[in-house]
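Q:
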Amino acid sequence: MKNKLSKTDEKRLIEVLDDAAKHGGLNFWQSQGFLTHLHCYPKSMDPSGWSCAIAAMEQSKSHWPFDEKDMDLLFVLFNQIHERLHEKQQLLPSDLDESIELIQQRQLTQPLRNWCAGFVFGYRFLREEWPKQLNEQTQAELEDCVGFIGYVATLGSDEDHAVAWRNGDEPSPQQLLATMAESLEQIWSFQKLND
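Be aware that the sequence shown starts at 146, since it is given in my numbering, and climbs by one per residue.
1. Alpha carbon to alpha carbon, how far is TYR186 from GLN336?
2. Decide if ARG258 is buried, meaning its Cβ has at least 16 other Cβ atoms within 10 Å, or exposed.
3. Kindly indicate the opening and closing residues of the alpha helix (DSSP H) around LEU230.
4. Does DSSP put ALA307 in a helix, a strand or coil?
5. Check each candidate in LEU180, GLN250, LEU219 and name the one with the smallest Cα separation from ILE159.
6. At the level of alpha carbons, what is the spacing between VAL161 and HIS231?
7. Please confirm whether ILE226 and PRO318 have their CB atoms less than 8 Å apart.
8. Near LEU241, what residues of its chain come up, given a Cβ to Cβ distance below 7 Å and the 5 sequence neighbours on each side ignored?
9. Could you pull out every residue in the same chain whose Cβ sits closer than 8 Å to the Cβ of GLU203, ignoring the five residues on either side in sequence?
10. Where does SER244 sit, in a helix, a strand or coil, going by DSSP?
11. Would DSSP call ASP191 helix, strand or coil?
12. If we ignore side chains and look at the alpha-carbon of each, how far apart do GLY313 and ASP212 end up?
13. Just tell me which of GLN175, TRP174, LYS188, TRP195 has its CA closest to the CA of TRP275.
14. Can you give the beta carbon distance from THR181 to PHE264, rounded, assuming they're within the 8 Å contact cut?
15. Starting from GLN331, follow the alpha helix (DSSP H) in both directions and report where the run begins and ends.
16. For the alpha helix (DSSP H) containing TRP174, name the first residue and the last one.
17. If you follow the alpha helix (DSSP H) that TRP260 is part of, which residue opens it and which one closes it?
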């Protein structure tokens with residue numbers, strides 16, 4: 146199995162996941178954030194569970210939520226994220242570099258918002274599992290970090306705090322980026338609990 150999506154593969158997977166999103170599932174960027182969060186969890190997850198969550202379907206042991214070819218693409222994406230995290234120690238995909246730069250201008254792109262929302266959804270998906278791996282203090286740290294990523298996801302919205310931030314309110318773009326990086330690094334550090 147490949148460990149990187151070709152441009153054609155990525156285009157196909159975007160179409161498949163955009164269709165799933167129309168029915169309550171996750172789009173491409175949300176799926177990337179979701180799968181990144183799953184990689185931060187110190188135990189392996191059942192692919193039928195996470196793939197059904199992406200498709201917004203009930204988990205089934207008898208069938209996959211997507212056809213075989215599309216499931217293969219989803220597994221390639223999963224492996225690509227695994228490689229990015231474990232070999233490069235890079236939590237955000239490099240395709241979001243431009244989105245990160247735009248934060249300096251107090252702009253938040255939809256792909257970054259979707260990635261953050263998917264990451265938070267990953268926490269919700271594992272909400273009952275995380276406490277089995279963490280003590281009360283680290284659980285509180287996890288919740289604070291995930292909460293901040295959720296906050297970042299809202300900054301492109303029309304909510305009062307988001308409009309105020311885009312108009313110059315705190316945190317500064319530098320503070321926002323630093324806290325986001327610290328939050329993601331903290332969550333990633335929990336993956337090592339299984340070592």
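Where is the CB? At the ideal position from N, CA and C, for every residue including glycine.
Small disclaimer: the values here were computed from a predicted structure and weren't measured.
A: In terms of the structure at hand:
1. For the purposes of this step, residue 186 is identified with residue 41 of the sequence shown, where counting begins at 1. For the purposes of this step, residue 336 is identified with residue 191 of the sequence shown, where counting begins at 1. Rounded to the nearest angstrom, the two C-alpha atoms are 5 Å apart.
2. The count along the sequence shown starts at 1 and reaches residue 258 at position 113. Here ARG258 is buried: its Cβ has 16 or more other Cβ atoms, across all protein chains shown, within 10 Å.
3. As a first step, residue 230 must be located in the sequence shown, where it is residue number 85. Here the alpha helix (DSSP H) through LEU230 covers 213–233.
4. Counting from 1 along the sequence shown, the entry for residue 307 is found at position 162. DSSP places ALA307 in helix when its eight states are reduced to three.
5. Taking the first residue of the sequence shown as 1, we reach residue 159 at position 14. Of LEU180, GLN250, LEU219, the residue nearest in Cα terms is LEU219.
6. For the purposes of this step, residue 161 is identified with residue 16 of the sequence shown, where counting begins at 1. For the purposes of this step, residue 231 is identified with residue 86 of the sequence shown, where counting begins at 1. So the two alpha carbons sit approximately 27 Å from each other.
7. Taking the first residue of the sequence shown as 1, we reach residue 226 at position 81. Taking the first residue of the sequence shown as 1, we reach residue 318 at position 173. Contact: no.
8. In the sequence shown, residue 241 corresponds to position 96, counting from 1. Correct list, in chain order: PRO256, LEU257, TRP260.
9. If you number the sequence shown from 1, residue 203 lands on position 58. Hits under 8 Å: CYS197.
10. As a first step, residue 244 must be located in the sequence shown, where it is residue number 99. Annotated three-state conformation of SER244 is helix, per DSSP.
11. Looking up residue 191 in the sequence shown gives position 46. If DSSP states are grouped into helix, strand and coil, ASP191 belongs with coil.
12. Against the sequence shown, residue 313 aligns to sequence position 168. Against the sequence shown, residue 212 aligns to sequence position 67. The straight-line gap from Cα to Cα measures roughly 47 Å.
13. Translated into positions along the sequence shown, residue 275 becomes position 130. Selected option, being the one with the closest Cα: LYS188.
14. Counting from one through the sequence shown, the residue named residue 181 turns up at place 36. Counting from one through the sequence shown, the residue named residue 264 turns up at place 119. Contact holds; Cβ gap of about 6 Å.
15. For the purposes of this step, residue 331 is taken as the residue at position 186 of the sequence shown. Membership of GLN331 in the alpha helix (DSSP H) is indicated by the continuous run 318–334.
16. Taking the sequence shown and counting its residues from 1, the one referred to as residue 174 is at position 29. TRP174 -> alpha helix (DSSP H) spans 173–185.
17. Counted from its first residue, the sequence shown places residue 260 at position 115. From DSSP, the alpha helix (DSSP H) with TRP260 extends over 255–270.
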